[in-house]
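Numbering (our numbering), first residue to last: 1108 to 1352. Just so it is clear, CB atoms sit at the ideal spot from N, CA and C, and this is done for glycine as well. This one's a predicted model, so the numbers in the text were calculated from it and none came from an experiment.
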């Protein structure tokens, strides 16, 4: 006599469970796995090899750290001794990435560095740039030119076509859009590799950037292109990668 009632209750509970699961934000569904690596790149201006760049992702205590170091290549080293260095520290929690600090400097001189520190408990960002300090309110997670690789991996995991974010650029937070634009084959060190392609536009920049990521290792940029009307493209091409960190 009670069997139909029990079945109806079971179906009702199952429906409620499915509804609850459907309401969980995609960002909390799963974490993007982080794996340390060091990758070397040829930096090209048009077709000219002007510099060498190393990009690293590594563990730093309780945090993770992206870093990038660029050194002039060949004859171009005669014209500049600058070694642009950037470092972005972040943590991962609940499927989200939270920047703790950004450092932009010259690895040789280390004078007048640009720094941004993030206090997520207070919802504040403190910036030191060109000797001046400023504070900004934080509204949502922030990305920069290094941590953008994390966002692309999240988008690939969640099958998102486009997203708009708060982006750190020249000491300020501006709006930026990152969009998936398909898959493409690349020639890397004599081998053909498939890449997922993303395109970024930043509200205060005249250029757009295209990122090509390894389909099997989504945090590894195979190629990065900075494109601007009337200018030769600036391109980073992967030379080799070391996963033994």
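- Our two residues, residue 1295 and residue 1145, have alpha carbons roughly 16 Å apart in a direct line.
- Contact between residue 1329 and residue 1320 holds, since their C-beta atoms are separated by about 7 Å, short of 8 Å.
- Residue 1153: not part of any alpha helix (DSSP H); DSSP gives it neither H nor E.
- Beta-bridge pairing by DSSP links residue 1139 to no other residue.
- One Cα belongs to residue 1322, the other to residue 1303, and the distance between them is close to 6 Å.
- Out of 1150, 1159, 1163, the CA that lies nearest to the CA of residue 1327 is found in 1163.
- The beta carbon of residue 1291 is closer than 8 Å to those of 1301, 1302, 1304, 1319 in its chain, skipping five residues each way along the sequence.
- Cβ-Cβ distances below 7 Å link residue 1139 to 1257, 1260, 1261, 1264 in the same chain, with the five nearest sequence neighbours on each side left out; the list follows chain order.
- For residue 1326, the three-state secondary structure derived from DSSP is coil.
- For the options 1229, 1204, 1341, 1233, the alpha carbon positioned closest to that of residue 1210 is the one of 1233.
- Here residue 1271 is exposed, its C-beta having fewer than 16 other C-beta atoms within 10 Å.
- In the three-state scheme derived from DSSP, where H, G and I count as helix and E and B as strand, residue 1289 is classed as strand.
- According to DSSP, residue 1172 shares a beta bridge with 1165, 1196.
- Per DSSP, residue 1259 is one residue of the alpha helix (DSSP H) stretching across 1255 to 1265.
- About 6 Å separates the Cβ atoms of residue 1251 and residue 1195, confirming a contact at the 8 Å cut-off.
- Within the same chain, and ignoring the five residues on either side of residue 1151 in sequence, the residues whose Cβ sits closer than 6 Å to its Cβ are 1342.
- Burial is judged here by how many other beta carbons sit within 10 angstroms of a residue's own beta carbon; residue 1253 has at least 16 and is buried.
- Measuring C-alpha to C-alpha distances from residue 1148 to each of 1157, 1161, 1156 identifies 1161 as the nearest.
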